[in-house]
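Here the sequence shown is numbered in this note's numbering, starting from 8 and rising by one per residue. The next block holds one structure in the form of structure tokens; read it before the comments.
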Amino acid sequence: MTAPSPLHLNSGSPQRFSVVVVGAGPAGLTVGNILRAAGVDCLVLETETREFIEQRPRAGVIEEWAVRGLERRGLARNLVQRAQTHTECEFRFAGERYRFEYTELTGRHHFIYPQQFLVTDLVREYADVRGGEIRFGVRDVRLNGPESGRPSVSYVCPESGERRVVAADFVAGCDGARGVTRASLPPGRARLARHDYGVGWLALLAEAPPSSDCVVFGMHPCGFAGHMARSPEVTRFYLQCPPGDDPENWSHDRVWAELRERLGAAGAPPLKEGRLIERRVLDMHGYVVEPMAFGRLFLAGDAAHLTAPIAAKGLNLALHDAFLLGDGLVASLTKGEDSGLSRYSAACLARVWDYQEFSQWLAEMYHGTASGDPYRAGAALARLRRLFDSPVAAAWFAEQYLGVRTTG
Ligand code: FAD
């Protein structure tokens, strides 16, 4: 495929692009790819190196609607060939196993594909196939005049140490939870709604094949534990821990002993253990920035909202935003149609709040048992039982877990 010709030539100083995308995560790279497919010139700025982002492990559970959205935009070739598909999940409680067959209820499944593989595919397509411009390792990125008609982004070039200024028609703020675009808004322009779950999760990656053919959630008086396949060789595990806990408190032996205890159940195959290649504590919280659009700045993905990995929704939301933003920018820049951009914030936030609420619901079921409060523990068990006693509750859970109700 040859690179489409740009709508605007980049010349003079400052440089000018139709769109500057800040951040080369799943959101930014998807927006960039959609723009390039339509022949829109854009620049992606990323603080890390290409090698780093292609190896950064995070998510792995991708909802079917998101894969179909990538597929329609020519971005899922490797994913569809290489991903595993999951059709059920398993809850473990009080030594018993409860298998939940969500594909049977919905006809939909999950794709399991490590986030770093997706990022690798998206960078290659954007930079090497679609001829998109991307600058890695940039420093001290600053956004100027986001609400003016002429925003610009500046950064320090890693090679020369000089500050470069890039003018843009639009800026896509896709720089994740710790980026600069959200922080560049004038005070009082955005409302940040935040929820702290009051627990930490020790996020682990083990060089070990999955111990089950599906995701496993363990609800145990010592705390929640989770098992999620990432690839045939690597498995992600989670262990609930105090917020702010030091990963150094969790030796190899302690981790595996806790996982065996919390995920133990009658008839369950033994855990396949291996070297721990990631050990970090995540303080479980979520936030939502409203609105997600300010003049010519559009926030997408974790820059606008964080969903604790409780329900594995963050990557999916980032892709949803990116589809709407990419399509909206293309319509505006190539046809002068602004309705997609006008609706962008409200359309994203509907799904964002839906997933936030589901995460909160699920969090109570996962953490109630270990809360030390018999009332919360009893309610958590009632929540779990209902999924297996009530076809209506089961159908609702399957829809939410797969994100099929709010499609788009
Ligand atoms: P990011 O992936 O954070 O990308 C932002 C990019 O911007 C990064 O490359 C960063 O280096 C760059 N950047 C930062 N600051 C700047 C700057 N100033 N200038 C330029 N670039 C900048 N989600 C799921 O859906 N399913 C899961 O199973 C799941 N599991 C997870 C497990 C863990 C341990 C974690 C941490 C997260 C998990 N998530 C999951 C969440 C998911 O990884 C994120 O929601 C997703 O990465 C968001 O994508 P993004 O593009 O918005 O942001």
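Just so it is clear, CB atoms sit at the ideal spot from N, CA and C, and this is done for glycine as well.
Would you mind giving the Cβ-Cβ distance between P95 and C221, rounded to the nearest angstrom? I have them listed as a contact below 8 Å.
The displayed chain sequence assigns Glu, not Pro, to residue 95. So it is a contact: roughly 5 Å between Cβ atoms.
Tell me, please, which residues DSSP counts as bridged to N256.
Answer is none; N256 lacks a bridge partner.
By the DSSP assignment, the beta strand (DSSP E) with S238 in it spans what residues?
Counting along the chain, S238 falls outside any beta strand (DSSP E), and DSSP gives it neither H nor E.
Please work out which residues of its chain come closer than 7 Å, Cβ to Cβ, to R287, disregarding the five sequence neighbours upstream and downstream, and give them in chain order.
A210, P254
Does the distance from the CB of S159 to the CB of V148 come in under 8 Å?
no
What are the residues that DSSP puts in a beta bridge with F244?
Beta-bridge pairing links F244 to L211, H234.
When the Cα atoms are used, what is the spatial distance from S77 to P33?
The sequence as given places Leu at residue 77; Ser does not occur at that position. Rounded to whole angstroms, L77 to P33 spans 11 Å at the Cα level.
Which of the three DSSP states, helix, strand or coil, is assigned to C229?
coil
Starting from A174, trace the beta strand (DSSP E) both ways and give me its first and last residue.
170-180
Residues that L52 bridges to, as DSSP identifies them
Bridge partners of L52 according to DSSP: V29, R142.
Thinking C-alpha only, which one of S339, E108, R157 is nearest L409?
E108
Suppose contacts are defined by Cβ-Cβ distances below 8 Å. Is A338 in contact with G180 by that definition?
no
Quick one: complete alpha helix (DSSP H) runs, 4+ long, within the region 77-164?
84-89, 109-113, 122-130
K320 CB to nearest heavy atom of the ligand FAD below 7 Å:
yes
Check whether the Cβ of V68 lies closer than 7 Å to any heavy atom of the ligand FAD, and answer yes or no.
yes
Report the rounded CA-to-CA distance for G200 versus D252, giving the unit in angstroms.
A small correction: the amino acid at residue 200 is Ala; Gly does not occupy that position in the sequence shown. For A200 and D252, the distance between alpha carbons rounds to 25 Å.
In whole angstroms, what is the alpha-carbon distance linking G81 and L42?
13 Å
DSSP bridge partner residues for G293 (one or two, in chain order)
H202
Thinking L332 and F301 are a contact (beta carbons under 8 Å), I'd like their distance in whole angstroms, please.
Actually they are not in contact, since the Cβ atoms of L332 and F301 sit about 13 Å apart, beyond 8 Å.
Looking only at its chain, what residues have a beta carbon closer than 7 Å to the beta carbon of A236, apart from the 5 residues adjacent to it on each side?
If we look at A236 and ignore the five residues flanking it on each side, its Cβ neighbours are Q91, I119, P217, T242.
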